[in-house]
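See below for the structure under consideration.
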Amino acid sequence: MSVPKAVRQRAGELHRELHEHNYRYYVLDAPVITDAEYDRLLRELQDLEVRYPELIAPDSPTQRVGAAPSKAFGEVRHEQRMLSLDNAFSDAELGDFDRRVCERLEVDAVDYAAEPKLDGLAVSLLYEHGVLTRAATRGDGVTGEDITANVRTIASIPLRLAGRGIPAILEVRGEVYISHRGFERLNLQAVKDGQKPFVNPRNAAAGSLRQLDPKVTAARPLEFYCYGVGRTEGGALPERHSEILVRLRDWHLRVYDGIERVHGLQGCQAYYRKLEAARATLPFEIDGVVFKVDRLDQQDSLGFVARAPRWAIARKFPAQEEQTRVTGIDVQVGRTGALTPVARLEPVFVGGVTVTNATLHNEDEVHRKDVRVGDTVIIRRAGDVIPEVVRVLREQRARGAPVFHLPKHCPECGSAVERVEGEAVARCSGGLFCPAQRREAIKHFASRRAMDIDGLGDKLVDQLVEQELIHDVSDLYRLEVEQIAGLERMAQKSATNLVKALEKSKATTLERFIYALGIREVGEATARILAEAFGDLDALMGADVEDLQVVHEVGPVVAQHISAFFREPHNREVIQRLRGAGLHWQAVEPGAARPLAGRTFVITGTLSMPRSELKERLQAAGARVAGSVSKQTDYVVAGAEPGSKYDKALALGIEILDEAACLALLK
Ligand code: IVH
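Residue numbers (my numbering): -1 to 665.
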């Protein structure tokens, strides 16, 4: 049965429209129709193709869902070799590269195209007369695998190019990758399905691209950016790499926006610094910057050696993951007696700093990751995040390495260690008898958001406790200049300043004072609520568990902690002494200063401060901070790379604030 002309025409229209909307959505990130409208057009085309299978072309927008699985990948020979890149690991090495380029070209400086080095997989896309006909992996550079069926499922890769002057044969090269967000979602799903999560976005991308069943690939959040061309025939391209990229973009290929043409070594260095600073906020993983001599005639005269061109270099960022050895597992005791195992490491340079410790959080975590003394481990430090053990290289473990257990007695004071059923944290039961808990309690008392005692840092507290100059926080106010001046790294002047700061801290607020006491589970927000509810300290100290629970935000557990704290005679004595030393505050008017009372907030994405901090501040202003978005949500605060909560807020029409807008509300 031949296809009626009108049907053929309509199918052609639908092709064009769908390609255009696809391009606007996935490449430009600027859709002009709704998802529903897109689906309607796609369904219309699918219906036509069901009725007239002759209409199904390899570049049909319906072909993205994934073809039938194959047994193995075919081979593809790259007519133009897919080269790799030499690396520069320092400014000096980048300088050497630039010097070699200039010397060979006999010029003072050259223009470079500066691009992010995406951490994914190189692919080659062959377009014949504008239609994607073949896609291949890099393989060994000479022969790769035919992954056409899989690549067709990647929405940001056009099945057909658009525009004028497209060469008859155009081989485009670029990187297939998975964004941070895509990776997170993929792993959430994997865990839900009882599968092993992927180690990193690169592995996830590689695994997804090399699936024999394209339907599996279609379900993976793969994306694509192109960074160059291979073989071309039947058409001329510009004479600069940066201009070729602009041309590729005109033809609807996805090219990263932030690619720049820079001049000379200085231009390269500036671009590198800029991207290094932006790295944490980019939606995808990059492991460095690529600099390419921009003029093609200069590229040609430089040529290449072995497997890499002489005209390009990858300036790598310091790695965020490195391998090292665990030399021991120590146990630290915190303010509330919580025992935290900490891995001591052979020093390793990772994420730009030398790391010697990594937190292991708690005993369950040590067992889950199965970390043992002597193990070779992968350490990760990204941005300002605390270094952590990603995983153990089990193959390298020495025979008989013992499993780690928390001690039964506190390593600092010898008191029994207790662990409440169902809780992850084990605690020293020594209370303020334990020097570690005392030390930490004093540090907390002095901290900025508590009594804000200028100049009383952690090291100084350690010394004061160690030399038995203080036993509890009330002793701080009896310290004399001479006692302090004798300590390490202290002198007359700094000691005088500290005594002044202590004096100044005596005028405080009730909520700060309650927070400074360090009662378990009483953070700033709860301290503020308590101050408002009870108005003065004596009323709070006299409250029993029932009185406390009358306060809306105070649950039974917190009420128990508060009541137990104030029943403890030692604590009452310390408070008495502090008041005797002159600590004072104004009584609080109940119900004042809670501008966000009754409002519900949800936080998503990366902020400039820890999420917990913003949460506390919102709660302190009376807001409720919820974990998920619902119709009851009033505001969603979105940082960089917001997650699915952001999408949900959009869908529900909830007001979205950026960090600055949220802070403005708090003011
Ligand atoms: S150009 C002749 N540009 O890095 C130059 N490669 O280490 C060949 N890569 O195999 C590659 N971003 O997978 C180039 N902007 C970029 C890149 C990039 C990531 C990858 C690519 C290549 C590998 C070489």
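Ideal placement from N, C-alpha and C gives every residue a C-beta, glycine not left out. Quick caveat: nothing in here was measured; it's all calculated off a predicted structure.
Item	Value
By the three-class DSSP mapping on this structure, what secondary structure does A234 have?	coil
For T146, which residues in the same chain have their Cβ closer than 6 Å to its Cβ, ignoring the five residues on either side in sequence?	R132, A133
Based on the DSSP secondary-structure assignment, which residues constitute the bridge partners of C266?	None; C266 has no bridge partner.
Alpha carbon to alpha carbon, what distance is there between Y475 and L576?	8 Å
Are A312 and G350 close, meaning C-beta to C-beta below 8 Å?	no
What span of residues does the beta strand (DSSP E) with K290 cover, start to end?	284 to 291
Terminal residues of the continuous beta strand (DSSP E) containing R342?	337 to 348
According to DSSP, which residues form a beta bridge with K115?	G286
Which residues in the same chain as A120 place their Cβ atom closer than 7 Å to its Cβ, once the five residues preceding and following it in sequence are excluded?	M80, R136, R171, E173
Is any heavy atom in ligand 1 found nearer than 7 Å to the beta carbon of R136?	yes
Could you tell me which uninterrupted beta strand (DSSP E) segments, each at least 3 residues in length, are contained entirely in the region 292 to 327, listed from first to last along the chain?	310 to 314
Please output, in chain order, the residues near ligand 1 using a CB cut-off of less than 6 Å to any non-hydrogen atom of the ligand.	L81, S82, L83, E113, K115, L116, A120, R136, E173, Y225, G226, V288, P307, A310, A312
Which of helix, strand or coil does DSSP assign to G142?	strand
I think Q321 touches T279, with their Cβ atoms under 8 Å apart; what is that distance to the nearest whole Å?	Not confirmed; about 27 Å, so no contact.
Measuring only the C-alpha atoms, how far is I377 from D117?	19 Å
Is it the case that the Cβ atoms of R436 and V463 are separated by a distance below 8 Å?	yes
So the candidates are M607, V572, R14; which of them puts its Cα closest to the Cα of V383?	M607
Can the beta-carbon of G516 be found closer than 8 Å to that of E614?	no
Anyone know if the C-beta pair for P59 and H17 falls short of 8 Å?	yes
Assuming R179 is part of the alpha helix (DSSP H), what are its boundary residues?	178 to 190
What does a CB cutoff of less than 6 Å around V552 pick up in its chain, not counting 5 residues either side in sequence?	L546
Beta-carbon separation of P219 and I155 under 8 Å?	no
Where does the unbroken beta strand (DSSP E) through F599 begin, and where does it stop?	598 to 602
Under three-state DSSP, which class holds C411?	coil
Rounding to the nearest angstrom, what Cα-Cα distance links Y254 and Y225 in this structure?	8 Å
By alpha-carbon positions, which one of G332, V369, Q318 ends up nearest to V348?	Q318
In angstroms with no decimal places, state the Cα-to-Cα distance between L40 and G625.	36 Å
Under the rule that 16 or more other beta-carbon atoms within 10 Å means buried, what is R150, buried or exposed?	buried
Using a Cβ-Cβ cut-off of 6 Å (strictly less than) and excluding sequence neighbours within five positions of E410, which residues of its own chain qualify?	V331, C432, P433, A434
On the DSSP letters alone, give me the boundaries of the alpha helix (DSSP H) that R577 sits inside.	567 to 578
Report back the beta-carbon spacing between V586 and A621 to the nearest angstrom; my notes put them in contact at under 8 Å.	Not really, about 19 Å apart at Cβ, beyond 8 Å.
Of all the options E169, G398, L508, H469, which has the alpha carbon lying nearest to the alpha carbon of Q584?	L508
Report the partner residues of N85 according to the DSSP bridge assignment.	A312
Please return the same chain residues whose Cβ sits closer than 8 Å to the Cβ of R333, not counting the five positions on each side in sequence.	Q435, E438, A439, K441, H442, G516
If you follow the beta strand (DSSP E) that N355 is in, where does it begin and where does it stop?	351 to 357
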